[in-house]
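**Student:**
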Amino acid sequence: MKLRFIALAALAAVAGFPLYWMLVTATRGQDELFGGDVHWLPDVTRLGQVFTAAVDGAPMLRWLTNSAFVAAGTTVLSLALAVLAAYALSRFSFRGRGVFGFALFATQMLPEALVVVPLYAIFLTLGLLNNLWGLVLGNTAFAMPVAVWIIKTAMDGVPREIEEAAALDGCSRYAMLRRIVLPLTAPSLAAAAVLAFFDSWNEFLLANTFMVDEEKWPASKGLASFVGEFVTPLPTVMSAAVLFTVPAVVFFLLVQRHIVAGLTAGAVKG
Amino acid sequence: MRAERLAPYVFASAAALYLLAFAAGPLLDGVWLSFTDTKLLDPTGGEWIGTDNYTDLFADSRFAGTLGVTLIYALSTVVGALLVGTFGAVLLDKAFRGRTALRALLTLPWAAPTVAVTLIFVWIFNNDNGVLNHASEAAGLGRHGWLTAYALATVTAVSVWKVFPFVLLVVLAALQSVPKDLVESARIDGAGPARVFRSVTWPFLVPTLRVVALLMTIWSFRRFEIIWLLTQGGPVDRTTTLVIDVYRQAFLDSDLGRSAATGAVGLVLSAIATVAYALTERHSTAKDLA
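As they're listed, the protein sequences go chains V and A.
Letter by letter, the first sequence follows residues 161 to 430 in our numbering.
Letter by letter, the second sequence follows residues 15 to 304 in our numbering.
Okay, here's the thing in structure tokens:
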């Protein structure tokens, strides 16, 4: 019993330390960080300045707004496509079903780095480079298949008898999906939405490649632009990192239960 | 009735067309690029050169190194994440005060945005002022170039740190689906904790671990930003995985053909992992039935 707590405490310390250190670094002055001594605690008097430093020292609010736009757009588009596709996979046997299912899975294997060049060419033609909508479209290609997988698993658990009864009452397929199946699978929709949101909030490779204008960068690219750049003071950089991390972490903690349920529905059943 | 036959196609069409346009299309385009000499500055002006990119690639000794780094990185990340994640899940499988809070704390690495996390690690590993070298020096172990001398090990450790919570959450859910009465009756029959784990719990975990291992492997082959932002593939290619090479060849060397060929090799690796997974699953299902 003792050993369990020691092991857990050690694991928790390793898991939490880097995030704690981000906060500590954000509240310390440049001179303190490079002065040769280690300050183990955050300077609580400067906690309030974390926000102002990030906002004044970098276009962090602009970048966060862009990230939120991309993440929200990706979530809505992925879910709209995924709900319909999941319903087809869960309720019908049709020619091409196997190929479709495989194609959805195969996108998990696709290295973004391989698709990024062809996508670049397509977006160049469509005028979607340096455009936040381009990121929404690109991210959806990776977020939507995961959403289909999660939602289909949940739909498989809804008894068909309810729909058969509705069919007798002259209910259309689309109405059944909307009025019967969707309300019953709401938790899986939440899980899929959260994952899609997270993936696109964090996404870096497409953002880094497609977005040129600094005011159109999402926060992932904005933050990464500080790597190897020594002009912006480190506390400012870390303040920006804190500002980018806090919404994701808070959001995650709020919805954690749902994500876990959605994730495991697929993985545990295998 | 006819409407009912068409219905699945109507429902699936939007997603299918989408995948065709934004995943399958670009993928095929990428494969085609790998047989051309396309350059970044003239992305439509490439000419068909057959398998030259591939023969060049396999003749290049650097490529063997890249392949080796990719395999070592993927293998150690997968094994590390599975070990730490399963270990954590087993520790959390018992109800105790503060379990929910601890579980939340242990999943933070997964929730935090990768780019933000990588930035703080760069600072933690900083040679002169990083906290790790301060601590290591204070402990009498001296200073080390974490991102130079031990680059691959460090990059792997950061990756394990980032993804082990996923393993933990999924394995924890699997553990909690183990029927309690089965565990109970094994205990009554005199089985110790180790024996219960091996004979009762483990068989329930195996299918889950297999899926998680597959996902982890595929994700390791794909992972970009952790490595790119920590080391950019350096020093001297020691952390250059296939994906890093794909990016470098395309956007630094402007050689889209060669980059696509490298990417295709990465895709083949993922496909091999998937086939291996399918085979072991079929094998074990056959064993269960026998």
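Idealized CB from N, CA, C, for every residue including glycine.
It should be emphasised that the depicted structure is a prediction, and the values quoted were computed from it without experimental measurement.
(1) Where does Glu324 (chain V) land, buried or exposed, given buried means 16+ other C-beta within 10 angstroms?
(2) Just mark Asp216 (chain V) as buried or exposed, buried being the case when its beta carbon has 16 or more other beta carbons within 10 Å.
(3) Cα separation between Val184 (chain V) and Val145 (chain A)?
(4) What residue range does the alpha helix (DSSP H) around Val93 (chain A) cover?
(5) Using a Cβ cut-off of 8 Å (strictly closer), state whether Gly298 (chain V) contacts chain A.
(6) Assuming Val387 (chain V) and Val136 (chain A) are in contact, meaning their beta carbons sit under 8 Å apart, how far apart are those beta carbons, in whole angstroms?
(7) State the Cα-Cα distance for the pair Val24 (chain A) and Gly102 (chain A), rounded to the nearest angstrom.
(8) In chain V, what lies closer than 7 Å to Val236 (chain A) by C-beta?
(9) Would you say the region 277-294 of chain V touches the region 317-334 of chain V, given that touching needs at least three Cβ pairs under 8 Å?
(10) Rounded to a whole number of angstroms, what is the C-alpha to C-alpha distance between Val210 (chain A) and Leu85 (chain A)?
(11) Identify whether Lys429 (chain V) lies in helix, strand or coil by the three-state DSSP scheme.
(12) Along the chain, where does the alpha helix (DSSP H) that runs through Gln263 (chain A) open and close?
(13) So within the region 230-257 of chain A, which uninterrupted alpha helix (DSSP H) runs reach at least 4 residues, ignoring any that extend past its ends?
(14) Phe194 (chain V) to Ala130 (chain A), Cα distance in whole Å?
(15) Ala167 (chain A) versus chain V: which residues are under 8 Å apart at the beta carbon?
(16) What does DSSP give as the partner residues of Thr50 (chain A) in its beta bridges?
(17) I'd like the list of long-range same chain contacts for Leu20 (chain A), defined as Cβ closer than 8 Å, with 5 residues on each side in sequence excluded.
(18) Counting only the same chain and skipping the five closest in sequence on each side, list residues whose C-beta sits under 8 Å from that of Leu81 (chain A).
(19) Since Pro57 (chain A) meets chain V, which of its residues come closer than 7 Å, beta carbon to beta carbon?
(20) Suppose you measure from the CA of Ala227 (chain A) to the CA of Thr162 (chain A); what does that come to, to the nearest Å?
(21) Which residues of the region 121-134 of chain A have a Cβ closer than 9 Å to any Cβ of chain C? Give them in chain order.
(22) Applying a beta-carbon distance threshold of less than 7 Å, which residues of chain V neighbour Glu239 (chain A)?
(23) At 7 Å on the CB atoms, spell out the chain A contacts of Leu168 (chain V), in chain order.
(24) From this set, V:Gly261, V:Thr235 and V:Leu403, which residue's C-alpha is nearest Leu355 (chain V)'s C-alpha?
(25) I want to verify the contact list: residues of chain V whose CB lies under 7 Å from the CB of Ser284 (chain A), in sequence order.
(26) Can you tell me whether Phe77 (chain A) is buried or exposed, with buried defined as 16 or more other CB within 10 angstroms of its CB?
(27) Chain V beta carbons: is any one of them nearer than 8 Å to that of Ala208 (chain A)?
(28) First and last residue of the alpha helix (DSSP H) that includes His148 (chain A)?
(29) Taking all protein chains shown into account, do 16 or more other C-beta atoms lie within 10 angstroms of the C-beta of Lys108 (chain A), making it buried, or fewer, making it exposed?
(30) Which whole-angstrom value describes the C-beta separation of Val260 (chain A) and Leu274 (chain V), a residue pair presumed to lie in contact below a C-beta threshold of 8 Å?
**Tutor:** Based on what the coordinates show:
(1) exposed
(2) exposed
(3) CA-to-CA, the gap between Val184 (chain V) and Val145 (chain A) works out to about 11 Å.
(4) First-last of the alpha helix (DSSP H) with Val93 (chain A): Ser75 to Leu106.
(5) yes
(6) 7 Å
(7) 45 Å
(8) Contrary to the premise, residue 236 (chain A) reads as Arg rather than Val in this sequence. Those within 7 Å of Arg236 (chain A) in chain V are Pro271 and Glu272.
(9) no
(10) 34 Å
(11) Annotation note: pLDDT 42 at Lys429 (chain V) (below 50); position unreliable, no value reported.
(12) Unbroken alpha helix (DSSP H) run through Gln263 (chain A): Leu256 to Phe265.
(13) 239-244
(14) Pairing Phe194 (chain V) with Ala130 (chain A), the inter-Cα distance amounts to about 20 Å.
(15) Near Ala167 (chain A) there are no residues of chain V at all, since even the closest Cβ is about 15 Å away, more than 8 Å.
(16) A:Trp62
(17) none
(18) Leu256 and Val279
(19) What Pro57 (chain A) touches in chain V, judged by beta-carbon distance under 7 Å, is Ala281, going in chain order.
(20) 29 Å
(21) Included in the structure are the protein chains V and A, with no chain C among them.
(22) Phe364 and Leu365
(23) Leu105 and Leu116, listed in chain order.
(24) Nearest C-alpha to Leu355 (chain V): V:Thr235.
(25) Met269
(26) Classification of Phe77 (chain A): buried, given that the 10 Å Cβ count is 16 or more.
(27) no
(28) Val145 to Ala152
(29) Around the C-beta of Lys108 (chain A), fewer than 16 other C-beta atoms lie within 10 Å, and the residue is accordingly described as exposed.
(30) Confirmed, Cβ separation roughly 6 Å.
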